[in-house]
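Mapping to the numbering used here: the sequence shown position 117 is 126, numbers consecutive.
Ideal Cβ placement from N, Cα and C applies to all residues, glycine included.
To start, the structure under review is shown below, and the notes come after it.
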Amino acid sequence: MGIPRETVARLVQENEGHDCPGHPESCVRLEAAADLPTRFGDYQVVAFWNNLDRKEHAAFVHGDIFEQEAVPVRIHSECLTGDAIGSLRCDCRDQLIESLERIGKMDAGVVLYLRQEGRGIGFTNKIRAYELQDSGYDTVQANELLGFKADERDYGIAAHMLTSLHVRSVKVMTNNPQKLADLERHGIRVVGRIPIVVPANQVNGPYLDTKRKRMGHLLAVEQPDDLVDYPNRPAPNR
């Protein structure tokens with residue numbers, strides 16, 4: 010059981026009036042929703058459209074998250090090579106599967122799937138970055154040599170998706186503290202962090218080490234049962 014059908018219909022109707030194409034700032038519009046049985050449990054898939062990147066993003070909802078507090082949320086950025094092909098260069102697929110499995114066992118939660126390939130630099134530039142990494146540069150150096158920041162992603166899209174789903178507060182499944190700060194900056198109340206622990210494979214050890222040392226990711230050794238402490242803060246001004 011996910012978000013009740015009558016609530017889904019209300020959300021779709023609520024979003025019909027959003028003038029996203031004419032909006033000067035980032036605007037996300039909820040377009041459609043349907044049931045999605047998976048090997049991880051029963052989910053609903055919700056389709057969103059964003060006016061700035063003009064891409065379709067997805068929310069995979071388990072249980073009823075409408076108007077709920079402390080909703081477990083995983084924000085996952087698209088990784089074609091990892092998610093679809095099983096590349097060993099990264100830990101993206103492992104994190105996605107771990108998130109879907111864990112949320113599928115909970116009463117409710119949501120995985121937001123953002124179309125922000127290559128930490129926001131796009132698929133072609135990600136492959137160019139891979140070429141540089143093959144020459145000895147780490148993932149941060151490769152991005153910078155291509156003229157990008159280490160992370161170009163926009164979490165305002167995720168924040169707007171959560172707002173459209175009427176989520177009141179979240180526990181974020183992440184090792185990246187920057188996600189927490191960015192969500193709060195966009196008006197989402199963060200009440201906890203749930204680490205995602207996946208083992209390194211025979212290839213991605215140096216990549217994970219760079220994420221820890223140069224990008225500030227909090228890579229735990231063991232998976233805690235629930236959230237780790239994260240300071241409760243007053244809801245940011247909207």
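Applying the criterion that 16 or more other CB atoms from any shown protein chain within 10 Å of the CB defines a buried residue, is residue i buried or exposed?
i	result
arginine 48	exposed
alanine 43	exposed
alanine 138	buried
glutamate 25	exposed
isoleucine 136	exposed
arginine 194	exposed
proline 13	exposed
Quick one: Cα of residue i to Cα of residue j, how far?
i	j	result
asparagine 59	aspartate 218	33 Å
proline 4	isoleucine 203	Any question about residue 4 goes unanswered here, given that the chain covers just 10 to 247.
proline 208	aspartate 160	23 Å
glutamate 211	leucine 97	Checking the sequence, you will find glutamine at residue 211 rather than glutamate. Cα to Cα, glutamine 211 sits roughly 8 Å from leucine 97.
valine 54	glutamine 142	35 Å
alanine 151	glutamine 22	44 Å
threonine 133	alanine 56	25 Å
threonine 90	isoleucine 84	18 Å
tyrosine 146	valine 17	47 Å
valine 181	lysine 64	23 Å
glycine 95	lysine 158	25 Å
glutamine 104	valine 70	17 Å
arginine 19	serine 86	27 Å
lysine 114	glutamate 107	11 Å
aspartate 62	leucine 45	26 Å
glutamate 40	leucine 174	12 Å
asparagine 246	leucine 189	Unreliable placement is indicated for asparagine 246, whose pLDDT of 39 sits below 50; the coordinate value is still reported in the next sentence. Looking at the two C-alpha atoms, the distance is approximately 16 Å.
Using only alpha-carbon positions, find the residue among the options that is nearest to residue i.
i	options	result
valine 200	Lys220, Pro13, Ser108 and Val176	Val176
valine 149	Asp163, Gly95, Gly165 and Ile130	Ile130
glycine 72	Lys114, Gly11, Leu109 and His66	Gly11
alanine 79	Asp191, Ala117, Ala68 and Asp51	Ala117
leucine 155	Tyr52, Ile166 and Gly127	Gly127
arginine 38	Met170, Ser178, Lys188 and Leu189	Met170
At a Cβ threshold of 8 Å, is residue i touching chain B?
i	result
glycine 95	No chain B appears in this structure, which consists of one protein chain only.
Who does residue i pair with in a DSSP beta bridge?
i	result
methionine 182	Ile203
phenylalanine 57	Leu39 and His66
histidine 85	Tyr122
arginine 198	Ser178
histidine 71	Gly118
threonine 47	Gly50
### Task
Decide if the segment 94-112 is in contact with the segment 189-199; the criterion is three or more beta carbon pairs, one per stretch, under 8 Å apart.
no
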